[in-house]
Amino acid sequence: MIVSCLIVLGVWEAAVWRKRWMAMGAAEVGFEGEVWRLVRQEELVGEIVIDEADFPWLHGRFAPGPAFVGVKPWFDESLALLDAEEYERFEDSYDQIARSLSLAGPSGVVSLVVV
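All residue numbers for the sequence shown refer to this note's numbering, where the first residue is 13 and numbers rise by one.
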């Protein structure tokens, strides 16, 4: 199963990536094709291959890893709450994801904001 996902860089990461983006020119930054890893401690939850960058947004295809089955219900719940426009409950649900998972790009771990 491959699904689309969107990575939104946190404030600190956005500042770092913006510097990289501006220094090299948006077309030369090279996000496309990069592999970002979603992990739970040492377990691979999945990988995201970046196919589009529009600072500070990165878009890619998510391929679930071995540990995805254990966290899929969290994403299902968060999506259902978001679709139902239950934003306060969504935030609580999403906090569990953000506390439990890490997102690592080629330059290291970043704050987790995956939609």
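Note that beta-carbon positions come from the ideal geometry of N, C-alpha and C, so glycine has one too.
Tryptophan 86 and glutamine 108 - do their beta-carbons sit closer together than 9 Å? Taking a C-beta distance under 9 Å as the contact criterion, glutamine 108 and tryptophan 86 qualify as a contact pair.
For valine 122, list the residues DSSP reports as bridge partners. Leu115, per the DSSP bridge assignment.
How many Å lie between glutamate 55 and valine 122 at the Cα? Straight-line measurement puts the Cα of valine 122 at about 17 Å from the Cα of glutamate 55.
I'd like the span of the alpha helix (DSSP H) that includes alanine 79, first residue to last. Following the DSSP letters along the chain, one finds alanine 79 in no alpha helix (DSSP H), marked with neither H nor E.
At the level of alpha carbons, what is the spacing between glutamate 89 and alanine 75? Spanning the two alpha carbons is a distance of roughly 19 Å.
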